[in-house]
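*Asks:* Residue numbers (numbering that gives the first Met the number 0): 0 to 196.
Note that the Cβ used here is the ideal one computed from N, Cα and C, for glycine as well.
Right, I'll just put the structure down here and ask away after.
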Amino acid sequence: MKYGLVSEVAEDKTSKFTAENPGQLEVFLKKKEQEIKESERQFHELLPELRSLYNASEDKPIVRYYDGPEGPRHLRSDILSSKDKDLCILTNADMIVGIFSEEENKIFTQEKKNKKIKTKYLYTSKKSELPSAKGGERKKIDSKDYPMNADIAIYGDTIKISKVYNPKNVGIITIKDKDIASTLKNLYVLAWNNIKK
Numbered sequence: 000m001k002y003g004l005v006s007e008v009a010e011d012k013t014s015k016f017t018a019e020n021p022g023q024l025e026v027f028l029k030k031k032e033q034e035i036k037e038s039e040r041q042f043h044e045l046l047p048e049l050r051s052l053y054n055a056s057e058d059k060p061i062v063r064y065y066d067g068p069e070g071p072r073h074l075r076s077d078i079l080s081s082k083d084k085d086l087c088i089l090t091n092a093d094m095i096v097g098i099f100s101e102e103e104n105k106i107f108t109q110e111k112k113n114k115k116i117k118t119k120y121l122y123t124s125k126k127s128e129l130p131s132a133k134g135g136e137r138k139k140i141d142s143k144d145y146p147m148n149a150d151i152a153i154y155g156d157t158i159k160i161s162k163v164y165n166p167k168n169v170g171i172i173t174i175k176d177k178d179i180a181s182t183l184k185n186l187y188v189l190a191w192n193n194i195k196k
């Protein structure tokens with residue numbers, strides 16, 4: 000009765016059961032199939048978080064991947080919410096043009112200033128050198144000797160590596176691990192100190 004395969008008929012104070020049309024079984028199975036597909040979809044949505052929780056519980060680096068236009072916004076939001084006030088960026092300045100509007104860049108710069116986040120930029124560009132903004136220093140790298148086709152941000156215990164496919168499609172890998180972040184930051188500082196303005 001629960002599945003609509005049998006009907007209960009009351010007859011002379013007695014319950015009798017009659018079989019329903021076998022087609023009901025097909026309807027029941029299709030319904031169950033849809034429920035299983037929905038459960039599977041929900042599971043796949045939760046899988047990245049479950050993996051992250053597993054990694055965290057095993058004291059492993061937490062790795063996440065963001066794709067599409069929301070990745071860069073998540074990156075900026077995470078930077079602004081970080082307790083660490085030192086931000087190290089390695090980037091191809093020409094490659095990231097168009098990801099954010101000029102107004103969005105102004106707002107982000109002001110928010111970093113309000114939170115006293117100090118930024119170091121190592122960048123390549125085929126254009127002239129970019130001026131350093133308040134709260135930030137910039138050093139240009141020769142793009143012929145050191146071509147860069149990805150963007151790296153290091154802050155606190157986090158590393159974010161971005162691959163720009165186009166301004167509206169940016170893939171971002173996030174690695175959260177204190178030791179890895181510290182090691183990469185030391186390499187960054189080493190490079191910074193050996194590059195003349």
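Output yes or no for whether 8 Å exceeds the beta carbon distance between residue 175 and residue 60.
*Replies:* yes
*Asks:* Hey, how far is the Cα of residue 0 from the Cα of residue 29?
*Replies:* Unreliable positioning characterises residue 0 in this predicted model, as indicated by a pLDDT of 48, which lies under 50. The coordinate reading is nonetheless provided below. Spanning the two alpha carbons is a distance of roughly 17 Å.
*Asks:* Going by the DSSP bridge assignment, what does residue 121 pair with across the sheet?
*Replies:* According to DSSP, residue 121 bridges with 89, 138.
*Asks:* Measuring only the C-alpha atoms, how far is residue 41 from residue 141?
*Replies:* Near 47 Å, if we compare the C-alpha coordinates of residue 141 and residue 41.
*Asks:* In terms of alpha-carbon separation, which member of 184, 26, 171 lies closest to residue 118?
*Replies:* 184
*Asks:* State the CB to CB distance for the pair residue 116 and residue 134, rounded to an integer number of angstroms; the pair is presumed to be in contact (CB under 8 Å).
*Replies:* 7 Å
*Asks:* Could you give the residue range of the alpha helix (DSSP H) that holds residue 70?
*Replies:* For residue 70, the enclosing alpha helix (DSSP H) has its first and last residue at 69–80.
*Asks:* Going by Cα to Cα distance, which pick from 138, 67, 147, 154 is closest to residue 98?
*Replies:* 67
*Asks:* Nearest by alpha-carbon distance to residue 143: which of 150, 101, 91, 95 is it?
*Replies:* In terms of Cα proximity to residue 143, the closest of 150, 101, 91, 95 is 91.
*Asks:* With DSSP collapsed to three states, give me the class of residue 65.
*Replies:* strand
*Asks:* Tell me the DSSP bridge mates of residue 175?
*Replies:* Within the DSSP bridge table, the entry for residue 175 names 61, 157 as partners.
*Asks:* When burial is assigned at 16 or more other CB atoms within 10 Å of the CB, is residue 150 buried or exposed?
*Replies:* buried
*Asks:* Pull the bridge partners of residue 35 from the DSSP assignment, please.
*Replies:* Its beta-bridge partners do not exist; DSSP assigns none.
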